[in-house]
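J.:
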Amino acid sequence: MALVTTKEMFAKAYDGGYAVGAFNVNNMEIVQGITEAAGELKSPVILQVSKGARAYANHTYLVKLVEAAVELNPEIPIALHLDHGDTFELCKSCIDGGFTSVMIDASSKSFEDNIALTRQVVEYAHDHGVVVEAELGTLAGGEDEVSVEAGKESYTHPDEVEEFVTRTGCDSLAIAIGTSHGAYKFTPAQCTRNADGVLVPPPLRFDVLKECIKRLPGFPIVLHGSSSVPQEFVKMVNTYGGHMPDAIGIPEDQLREAAKLAVCKINIDSDIRLAMTGNIRKYFAEHPDHFDPRQYLKPAREAVKDMVAHKILYVLGSDGKA
Ligand code: G3H
Ligand code: 13P
Ligand code: ZN
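This is the structure in structure tokens:
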């Protein structure tokens with residue numbers, strides 16, 4: 054199967070009550086870990102590339118790595134998506150350079166400016182057979198140059214979504230319902246603590262999600278900032294020399310609920326970073342004399358694969374849907 058757009062993936066996910074995982078890729082081990090898990094579980098998957106990933110690894114390297122994964126996993130649909138494109142030029146460069154999907158994130162602009170820029174990207178993308186994700190509302194956390202303090206995010210206004218989608222022609226919409234980027238999604242002050250002293254985050258705003266769905270029947274919704282920040286990885290990082298106090302994510306059961314509704318794409322990056330870093334720290338601590346990168350990148354890649362398999366089976370519900 055060649056690279057695909059997300060059109061059919063989302064139509065099937067919407068009807069089937071599951072979501073497709075969108076995992077950020079920055080290097081070969083990450084591409085391999087994700088696609089090996091998706092391939093074995095016969096799950097569709099979205100590989101997404103941020104502006105920062107392109108700056109780090111180079112557009113051509115990333116496209117070729119993804120093309121290799123497509124060739125080695127012919128039975129599953131794979132989409133290549135630009136994550137958080139912030140200009141028309143960046144989106145155009147990815148559309149011209151082989152991506153099948155782009156996100157234009159003009160969510161920090163005014164409603165009218167967001168519509169104008171999104172519309173411009175949609176026109177170019179659709180002329181080239183590429184689909185477009187847009188965003189309304191702002192998440193807390195940071196991505197590339199944009200950083201929004203916890204507590205300063207703004208939820209999507211459901212009364213704006215219909216006009217936004219109609220006027221832009223976008224193919225999917227990222228909304229803000231309380232998810233957040235990074236490994237520190239909430240300040241301890243925003244959380245409660247359970248009997249063991251573990252932070253419990255505020256619940257996602259399912260009321261906002263359901264209002265958006267009512268106004269956009271059949272339309273695919275996207276959730277960014279959806280890492281769960283598994284405490285086993287946080288513990289591993291902290292045990293082997295790291296320092297990530299009070300790192301906290303979105304509970305998996307809430308993401309599973311969202312996936313059963315109109316949420317068709319769930320974005321995960323921080324959990325990949327944690328899985329790799331925790332395992333590399335552990336490896337270094339246990340093998341201080343090793344210096345061959347293959348020795349520590351192998352368990353890191355294996356950890357990404359196991360983590361993605363867990364998401365596919367227990368959070369996204371996309372296994373067997375290829
Ligand atoms: O939402 C942002 C993603 O986690 C990408 O992060 O811009 O550091 O590559 P990055
Ligand atoms: P996390 O930081 O929760 O993994 O979110 C990633 C994301 O939204 C990428 O666009
Ligand atoms: Zn994001």
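Residue numbers (the working numbering): 54 to 375. C-beta: ideal position from N, C-alpha, C; glycine also. Model, not experiment: these values are computed from the prediction.
Enumerate, from N- to C-terminal direction, the unbroken beta strand (DSSP E) stretches of 3 or more residues contained entirely within the stretch 224 to 259.
T.: The stretch 224 to 259 contains these whole beta strand (DSSP E) runs: 225 to 228.
J.: Would you mind working out which of 80, 96 and 314 sits nearest residue 270, comparing C-alpha positions?
T.: It is 314 whose Cα lies nearest to the Cα of residue 270.
J.: Measuring straight from C-alpha to C-alpha, what distance separates residue 81 and residue 322?
T.: Their Cα atoms are separated by approximately 15 Å.
J.: According to DSSP, simplified to helix, strand and coil, what is residue 120?
T.: DSSP places residue 120 in helix when its eight states are reduced to three.
J.: Just the C-alpha distance for residue 345 and residue 337, rounded to the nearest angstrom, thanks.
T.: Whole-angstrom Cα-Cα distance: 11 Å.
J.: Less than 6 Å between C-beta atoms, sequence neighbours within five positions excluded: which residues of the same chain meet that for residue 116?
T.: Cβ within range, chain order: 151.
J.: Nearest CA to the CA of residue 132: which residue from 155, 89 and 264?
T.: Considering only alpha carbons, the answer is 155.
J.: With a threshold of 7 Å on Cβ separation, who are the neighbours of residue 358 within its own chain once the five nearest residues in sequence on each side are excluded?
T.: 86, 89 and 90.
J.: Per DSSP, which residues does residue 101 bridge with? Please list them.
T.: Paired residue(s): 77 and 134.
J.: For a test of the three-state rule: what should DSSP assign to residue 198, helix, strand or coil?
T.: Legend: pLDDT at residue 198 = 48, less than 50; position of this residue unreliable, value from coordinates given subsequently. In the structure shown, residue 198 sits in coil (DSSP, three-state: anything other than H, G, I, E or B).
J.: Could you give the DSSP three-state label for residue 297: helix, strand or coil?
T.: Coil.
J.: If you compare alpha carbons, which of 189, 217 and 221 is closest to residue 231?
T.: Out of 189, 217 and 221, 189 has the C-alpha closest to the C-alpha of residue 231.
J.: Just to confirm my understanding: we take residue 114, look at its own chain, exclude 5 residues before and 5 after, and list those with CB closer than 8 Å. What are they?
T.: Excluding sequence neighbours, residue 114 sits near nothing in its chain.
J.: If we call anything under 7 Å between Cβ atoms a contact, is residue 279 one with residue 228?
T.: Contact: no.
J.: Is residue 103 buried or exposed, if buried means 16 or more other CB atoms sit within 10 Å of its CB?
T.: With 16 or more other Cβ atoms within 10 Å, it is buried.
J.: Suppose the cutoff is 6 Å on Cβ atoms and the five residues either side in sequence are ignored; what does the same chain contact list for residue 118 look like?
T.: 81 and 84, listed in sequence order.
J.: Exposed or buried, residue 330, counting other C-beta atoms within 10 Å across all chains shown (16 or more means buried)?
T.: It counts as buried.
J.: Taking the beta carbon of residue 67 as the centre, do at least 16 other beta carbons fall within 10 Å, making it buried, or is it exposed?
T.: Under this definition residue 67 is a buried residue.
J.: Are residue 157 and residue 108 close, meaning C-beta to C-beta below 7 Å?
T.: No, Cβ-Cβ distance for residue 157 and residue 108 is not below 7 Å.
J.: If distances are taken between C-alpha atoms only, which option among 99, 57 and 180 comes closest to residue 365?
T.: Nearest C-alpha to residue 365: 99.
J.: How far does the beta strand (DSSP E) with residue 319 in it reach, from first residue to last?
T.: First-last of the beta strand (DSSP E) with residue 319: 316 to 321.
J.: Does the Cβ-Cβ distance between residue 294 and residue 326 come in under 7 Å?
T.: No, these two residues do not count as a Cβ contact at 7 Å.
J.: What residue does the alpha helix (DSSP H) around residue 218 start on, and which one ends it?
T.: Its alpha helix (DSSP H) spans residues 211 to 221.
J.: Under 8 Å Cβ to Cβ from residue 246, same chain only, skipping five residues before and after it: list those, please.
T.: Result list for residue 246: 252 and 253, in chain order.
J.: Hey, would you say the C-beta of residue 332 is under 6 Å away from at least one heavy atom of the ligand ZN?
T.: The answer is no for residue 332.
J.: From residue 167 to residue 341, what distance separates their C-alpha atoms?
T.: Those two C-alpha atoms are separated by around 51 Å.
J.: For residue 54, does the three-state DSSP call read helix, strand or coil?
T.: Coil at residue 54, not helix or strand.
J.: Could you tell me the alpha carbon to alpha carbon distance between residue 178 and residue 291, rounded to whole angstroms?
T.: Between residue 178 and residue 291, the C-alpha separation is close to 44 Å.
J.: Tell me whether residue 111 counts as near the ligand G3H, meaning its Cβ is closer than 6 Å to at least one heavy atom of that ligand.
T.: Outside the cutoff, so no.
J.: If we require 4 or more residues per run, which alpha helix (DSSP H) segments fall completely within the stretch 336 to 371?
T.: List check, alpha helix (DSSP H) in window: 346 to 364.
J.: Going by C-alpha distance, which of 77, 62 and 55 is nearest residue 277?
T.: That would be 77, whose Cα lies nearest to the Cα of residue 277.
J.: Can we count residue 79 as close to the ligand ZN, meaning its CB is less than 6 Å from some heavy atom?
T.: Incorrect: residue 79 has no Cβ contact closer than 6 Å to the ligand ZN.
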